[in-house]
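Notes follow once the structure below has been shown.
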Amino acid sequence: MNEEIQKAIRLRAGDLLSLGEVGCAIGYERGPRGKVRPAFVYAAADADRLVWDQTCHHNLTV
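Adding 1 to a residue's 1-based position in the sequence shown gives its number in this note's numbering.
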């Protein structure tokens, strides 16, 4: 289930960025120590950095 959601997030973020509908996609990425951290993706090619799993618990709206 999480992999399907993660794939959908990556595809949608990439589409929105490539169409120019958004300038930045905000989500989660895996950090150097393996933990998730907030991610700011500015290029469609970088949308594959986005992850979604049970460790994605930070409030990205703050």
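Quick reminder that beta carbons are idealized off the backbone N, C-alpha and C, glycines included.
- Closest in alpha carbon position to A9, among D49, V42, Q55 and P39, is D49.
- Following the DSSP letters along the chain, one finds A26 inside the beta strand (DSSP E) bounded by residues A26 to R31.
- Counting every other CB atom within 10 Å of its CB across the protein chains shown gives L12 a total below 16, marking it as exposed.
- Per DSSP, R11 is one residue of the alpha helix (DSSP H) stretching across N3 to L20.
- Exposed is the label assigned to Y43, since fewer than 16 other Cβ atoms lie within 10 Å of its Cβ.
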